[in-house]
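Reviewing the structure listed below.
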Amino acid sequence: MNDFKQIVFEIVNIYKEKYRNSDHADAGCNGPYKMVQLPTRNTAHWIISFSIMYKFTGDMEYRRIVGRFTKYLVDAVKKDNYAVRYLEDEFNIIGLAWVIEALLYASDLLDDVEPLRIAEKIFLSQQYDKKKHIWIAVNGEGKELGVDVAFNHNLWFAMAGAKLCKKEQCDEIEFEVSDFLKFMDKQFLSYRNGLICHFIKSSGDVFRDVKHLVRKMIFQVTGKDFPWKKRNWVEYERAYHLFSVYAFAQLKLLYPDLDLFQNKKMRKVLAYSSNINHFITFEHAFSYSYAYNSPAYEYPLVQKVFFSEKLVDPEKVFKVHCDTIFDEKTKVFSKNTVDVDTLNARVYETMQLYELESNV
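When we follow my numbering, the leftmost residue of the sequence shown carries the number 2, and every step to the right adds one.
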């Protein structure tokens, strides 16, 4: 683990030098999706890593970069009427969650209340449906786009709102987050073995919802996706499982006594998560796992929050990640990935673990 930590710290330092004179981070391509990504996402991720590294080192260069990156984010947010995008041609709410979380770090580091106020406006730019207990996505033009059908997008948005409420009380945001978590079973699907389904239950598209329920039932019986599909969708969901549980771990840190963590479904989710062998081999979904949602970034925090250290060994995921992704020449994670900048920006997930462990 210490070797992996040293690699991560060196990557943060390499990107500090790369962005020493930049106003924002380089945009990636949203990993294996190869979509046109705006700089907002990676800029937000690096604000978090640089903020944490500043706390560790006191190196003012990190703080200076955070100041410039924060200005870029604030300007981008205002331009999009607070419903900031991270993709050129698509809008979803997880991008808002990433920016909110970054602005909370920026507000603390820069001792500036404006990023905190901006974060509140970002969250409230979305419309909450109190009957369905989920958010309706609203873009920068004020157009309602319906619910975001990816469960993890809604979960991460709720987690960002929860972090925001811990910084500054806002009754409206607190109600929405609490209500979503209380009634989450209305949207949260998982398989019998505890693996989290990617999509919500009620998207508003009856055909879509029925199709996903049928696919879920087929997998329960056969262990495979629709027989005419070449790719097993469940493998894709396995690559995303820890990404969702990482958000659950962050919520557990904020709300340790939340009833959610005691229910039967969640116990199965965590039991599945505790078996590290579920996250070692991804023959058919590698590009969505180690090359994008790397277990090496997410598993260690999940382990620390939910499991005994004697129960699991994160060294296995570190080894797979480094053996397949780390490039000895560039000293960054650049092998076997189509999106080097986003994959390296996502080391912020690991940096949050180191922040927690050091209690800085």
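We treat Cβ as the ideally placed atom computed from N, Cα and C, and that holds for glycine.
Run of the beta strand (DSSP E) containing residue i, from where it starts to where it stops
| i | result |
| --- | --- |
| D130 | Q128 to D130 |
| V339 | Where V339 is concerned, there is no enclosing beta strand (DSSP E), given that its DSSP letter is neither H nor E. |
| V139 | I135 to V139 |
Burial state of residue i (16 or more Cβ within 10 Å)
| i | result |
| --- | --- |
| G143 | exposed |
| G147 | exposed |
| A103 | buried |
| H294 | The amino acid at residue 294 is misidentified as His; the sequence shows Asn. Buried, by the Cβ-count rule. |
| G205 | exposed |
| D81 | buried |
| A161 | buried |
| E329 | exposed |
| T44 | buried |
| V321 | buried |
| N155 | buried |
| R347 | buried |
| N31 | buried |
| V114 | exposed |
| K167 | exposed |
| Q128 | exposed |
| E356 | buried |
| S359 | exposed |
| F208 | exposed |
| V211 | exposed |
| P257 | exposed |
| T351 | buried |
| K164 | buried |
| S290 | buried |
| T343 | buried |
Cβ-heavy atom distance, residue i to the ligand FMN, below 7 Å
| i | result |
| --- | --- |
| K330 | This structure lacks the ligand FMN; in fact it carries no ligand of any kind. |
CB-CB length for residue i against residue j, believed under 8 Å
| i | j | result |
| --- | --- | --- |
| F152 | I197 | 7 Å |
| W99 | Y83 | So it is not a contact: roughly 14 Å between Cβ atoms. |
| E173 | L214 | The Cβ separation is near 33 Å, so there is no contact. |
| N140 | F92 | 5 Å |
| A248 | W136 | No, A248 and W136 are not in contact; Cβ-Cβ is about 15 Å, not under 8 Å. |
| I292 | T338 | Residue identity differs from the one stated: residue 292 is Ala in this sequence, not Ile. Confirmed, Cβ separation roughly 4 Å. |
| L254 | V318 | No, L254 and V318 are not in contact; Cβ-Cβ is about 21 Å, not under 8 Å. |
| K131 | D180 | 7 Å |
| L182 | L259 | 7 Å |
| M133 | S203 | Met is not the amino acid found at residue 133; the sequence shown has Lys there. At roughly 7 Å, the Cβ-Cβ gap stays under 8 Å, so K133 and S203 are in contact. |
| I66 | Y20 | 5 Å |
| D24 | R69 | 5 Å |
| V150 | F200 | 5 Å |
| A138 | I94 | 5 Å |
Beta-bridge pairing of residue i - partner residues as DSSP gives them
| i | result |
| --- | --- |
| I197 | S191 |
| E145 | V139 |
| L165 | None; L165 has no bridge partner. |
| A151 | F200 |
| Q38 | L88 |
| F327 | F334 |
Span of the alpha helix (DSSP H) around residue i
| i | result |
| --- | --- |
| A292 | No alpha helix (DSSP H) holds A292; DSSP gives it neither H nor E. |
| D27 | Per DSSP, D27 belongs to no alpha helix (DSSP H) and is neither H nor E. |
| P116 | E115 to L125 |
| D109 | I95 to L111 |
| A250 | W234 to L255 |
| I174 | D172 to K183 |
| L357 | Y349 to S359 |
| A274 | The sequence as given places Ser at residue 274; Ala does not occur at that position. First-last of the alpha helix (DSSP H) with S274: K265 to S275. |
| Y63 | M61 to K80 |
Stretch pair the stretch 52-64 + the stretch 118-130: three plus CB contacts closer than 8 Å: no
Validate contact between the stretch 36-53 and the stretch 62-75 using beta carbons, cut 8 Å, 3 pairs: yes
Stretch-stretch touch, CB-based, cutoff 8 Å, three pairs: the stretch 5-14 with the stretch 328-336: yes
Segment contact flag, the stretch 297-316 with the stretch 242-250, C-beta cutoff 8 Å, min 3 pairs: yes
Meets three-Cβ-pair contact criterion under 8 Å: the stretch 261-280 and the stretch 176-195: yes
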